[in-house]
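Position 208 (the sequence shown) corresponds to 219 in our numbering; numbering is contiguous. Idealized CB from N, CA, C, for every residue including glycine. Keep in mind that this is a model prediction, so the values were computed, not measured. Data block below; observations after.
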Amino acid sequence: MQERKMYINGAFTDAISGARLTTLNPSTGEPFGTAPAADAADADRAVQAAAAAFPAWSALPQAERNKYLLRIAERIRAHAEEMAEIEGLEHGTPYKDAYGVCMGAAAKFEWSAAAAFRLTGDQIPVPNPDTLTYVKREPVGVVGFIIPWNLPTIMTAVKLAPALAVGNTCVLKPPSINSQIGLKFAEVIAEAELPPGVVNVITGYGGVVGSALAAHPAVDMIGFTGSSETGKTILSLAAPTVKKCVMELGGNNPVLIFPDADIDAAIKILAWRQFNNSGQHCSGPGRYYVHESVYDAFRDSFVGYARSLKIGDPSKDKAVDMGPLVSAEHRDRVMGYIQSAVSEGAEIACGGKTIEPGFFIEPTVLTGCTHTMKAAREEIFGPVAVLIKYTDSDDLISLANDSAYGLCAHVWTRDIPKGMKLIDKLHVGAVFINCQMLTDEQPWGTSIRESGIGKEGGIYGMEEFTDKKLVCVNYA
Ligand code: NAD
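Written as structure tokens, this is what we have:
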């Protein structure tokens, strides 16, 4: 059993109450570790520490703050193997993916250190003589981060790195079921010897310590990634103190497969994305609209890909392609979608069953689905492809846009001008045509419908962690 402490004000500590929570290994269902179960009193300690650290941290020259960020990156690289193993044991991530995620996390700190130099202010022309007006950027203050369990290591880095780079101090709450991953990250950060209080990591249940953080009056901003339902709760908790909230929420991303699509290339990316991390990706495909002329070929190729995957316990075999889902609760939720689709007339082309021990679901392809089925309307967030056949008489754009979400869309066609014309018609925050990629430089997230508010990643995401102060000087 792994046992770790929280990280508050530069020291490792238990919850004031002494309470602890237990996390499980999703490949076996057995206990994996214990972590402090913090409550509002602990959240307050962490927020006070971050608030006390803010003036000195934000006043550091950029180059000085960058030294700390680069040291964090260097420490992550040094611990990548162990971090990846913990991610496999507590989240079920295959080793090769988990190791890549750790390298990606290190790169986020390196990129953020370099990118912070690019944030500058503007001089604003005004008609008044002898007056200088400009806008300068300032850090927002204490940022509370609440992150989800899908890829918690990269989620931690993508939030902490830009916020720290531009001078904020932070309190981060990892998902309770992946507390060890969050606390291991805290141990790695501690090795970089940032001033006490600049980064604090507190573990506990979302409804207890997460809500205390969201409501805390000394927290200036919330950065949240998670479900739209929890997002709405957090917005209501943050409202009384009018906090800035950047929210990366749910999605049910449409995929449009045109008759002229390169099916092999599409499967290589889409099926990989569908089953990688057991389909627990916000940016992954949610529902596939496949033209009738290529439907059978697309289905057969998808099923072939699904059957080729090696499934197993990532801690026992570093070569597995797909591990378990993160929890029994989430496995049951995903199975509920498979069952509801079947009861509404869908067929299982492959998969559809659980594997025990642990919380596995076979890579699943559902065929004969319709746009109105529950599995096509809601976010499944699992290794389940929902294939919907369309014909020339269907209004494809209306189908794609008919959703409570608007995170992203995937388009596959060899007719690039046709694909480009769809960009304006798709009511989503990102459009991927014949590819899918998310690099450090690209912004992610959207304010469309229930998929979120604001941007994360890239320069646009970094800007969210700054406030623009107007300065007006009469120098006559
Ligand atoms: P979740 O909403 O259940 O939990 C997210 C976090 O919120 C966890 O740390 C949890 O402990 C905390 N939390 C729960 N209740 C809370 C409360 N009342 N107050 C404060 N905090 C609370 O989400 P999840 O199941 O961990 O993650 C999956 C969801 O995240 C999916 O909907 C997925 O689409 C979304 N997601 C979105 C993006 C994006 O960029 N848009 C990225 C990854 C995941």
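Could you tell me the alpha carbon to alpha carbon distance between residue i and residue j, rounded to whole angstroms?
i	j	result
T5	K400	This structure cannot speak to residue 5, because the chain is shown only from 12 to 487.
L80	V210	12 angstroms
P150	T477	4 angstroms
R88	T33	28 angstroms
L183	Y18	10 angstroms
I545	A54	Any property of residue 545 remains undetermined from this structure, which presents the chain solely from 12 to 487.
R310	A62	54 angstroms
L336	C113	20 angstroms
I157	P186	7 angstroms
P42	K364	24 angstroms
F65	I391	40 angstroms
I459	D406	21 angstroms
V153	I359	49 angstroms
V397	T24	46 angstroms
S294	S247	25 angstroms
Y110	M12	22 angstroms
H341	P159	13 angstroms
S123	N287	26 angstroms
I135	E475	21 angstroms
A116	M258	20 angstroms
L433	V301	16 angstroms
G430	A276	16 angstroms
G261	Y471	20 angstroms
R86	T167	15 angstroms
P270	S304	6 angstroms
K243	R344	20 angstroms
V220	A30	12 angstroms
K107	V137	56 angstroms
L410	V353	21 angstroms
I408	L377	22 angstroms
Residue i: buried (16+ other C-beta within 10 angstroms of its C-beta) or exposed?
i	result
N189	buried
L481	exposed
F128	exposed
C483	exposed
C446	exposed
S38	buried
N139	exposed
K479	exposed
K436	exposed
N485	exposed
R425	exposed
R318	exposed
E467	buried
P265	buried
A52	exposed
T131	exposed
L162	buried
V253	exposed
L143	exposed
I427	exposed
G218	exposed
Y299	buried
D231	buried
E75	exposed
K170	buried
S289	buried
Quick test of your reading: residue i and residue j, contact by CB under 8 angstroms. State the CB separation rounded to the nearest angstrom.
i	j	result
L194	A91	So it is not a contact: roughly 17 angstroms between Cβ atoms.
P207	N77	Not really, about 19 angstroms apart at Cβ, beyond 8 angstroms.
T381	P394	Going by Cβ atoms, the distance from T381 to P394 rounds to 21 angstroms, so no, they are not a contact pair.
D451	A203	At roughly 19 angstroms, the Cβ-Cβ gap does not stay under 8 angstroms, so D451 and A203 are not in contact.
G40	P325	About 15 angstroms separates the two Cβ atoms, so there is no contact after all.
E101	N36	7 angstroms
M5	I349	The structure shown does not extend to residue 5, since the chain is modelled only from 12 to 487, so the question has no answer here.
A223	D50	7 angstroms
G469	T457	Not quite, the Cβ-Cβ distance comes to about 13 angstroms (not below 8 angstroms), so this is no contact.
E461	A386	So it is not a contact: roughly 18 angstroms between Cβ atoms.
G44	Q191	4 angstroms
A249	I233	5 angstroms
Which residue spans inside the stretch 148–182 form an unbroken alpha helix (DSSP H) run of at least 4?
163–176
Please give me, in chain order, every unbroken run of the alpha helix (DSSP H) with length at least 4 that falls completely inside the stretch 216–294.
222–226, 239–249 and 274–286
Would you list, in sequence order, the uninterrupted alpha helix (DSSP H) runs of no fewer than 4 residues that lie entirely inside the stretch 22–71?
You should have 51–70.
Along the chain, which unbroken stretches of the beta strand (DSSP E) at least 3 residues long are found entirely within the stretch 361–409?
Correct list: 375–380 and 395–401.
May I have a chain-ordered list of the beta strand (DSSP E) segments no shorter than 3 residues that lie completely inside the stretch 101–129?
none
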